[in-house]
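The block underneath contains the structure these notes are about, expressed in structure tokens.
In the UniProt record's numbering, the protein residues as written are 1 to 158.
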């Protein structure tokens, strides 16, 4: 920081005749900043203390979640009471209902998307059939022996 202040002083737009910054004032500013940072550091330390105590609580939560996961997978159900098994069954049924609902929603969206694509393809197919029919009619005008092909194409487009 001192190097920065000295560099700033050397390259400032003040003339060389201006009195230089007082070293004491610079040190006072530095100490004030350091003190401000120290206060912030103390606040951080105070906030860290609960986090240091929290790993035991977090470890317990992790263990509870692992037990719950094993139960949902059907592992370790022997010590469970009837009520616990009923709760587990209800939880699984709710989860299955949400899963099926989401799957059905995705399938409906996919069906809508495919119907849109089908509509576009049918429209394109109709346009292409009309172009082919026009081309064969033009070709028929130039060669009357191909009239049967034009009739077939006209009937196919209907």
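Beta carbons are placed, not taken as given, at the ideal position from N, Cα and C, and that holds for glycine. Since the structure is predicted, the reported quantities are computational estimates derived from the model, not experimental observations.
Taking the Cβ atom as the reference point for each residue, do residue i and residue j lie within a distance shorter than 7 Å?
{"i": "residue 88", "j": "residue 103", "result": "no"}
Using a Cβ-Cβ cut-off of 8 Å (strictly less than) and excluding sequence neighbours within five positions of residue i, which residues of its own chain qualify?
{"i": "residue 80", "result": "71 and 88"}
Give the DSSP-derived three-state secondary structure of residue i in the structure shown.
{"i": "residue 8", "result": "The pLDDT assigned to residue 8 is 48, lower than 50, so where the model puts this residue is not dependable; a value taken from the coordinates is nonetheless given after this. Of the three classes helix, strand and coil, the one that applies to residue 8 here is helix, per DSSP."}
{"i": "residue 73", "result": "coil"}
{"i": "residue 78", "result": "coil"}
{"i": "residue 83", "result": "helix"}
{"i": "residue 143", "result": "coil"}
Considering only residues of the same chain and omitting the five flanking positions on each side of residue i, which have a CB-CB separation below 6 Å?
{"i": "residue 56", "result": "none"}
Hey, is the stretch 91 to 98 in contact with the stretch 108 to 126, meaning 3+ C-beta pairs nearer than 8 Å? no
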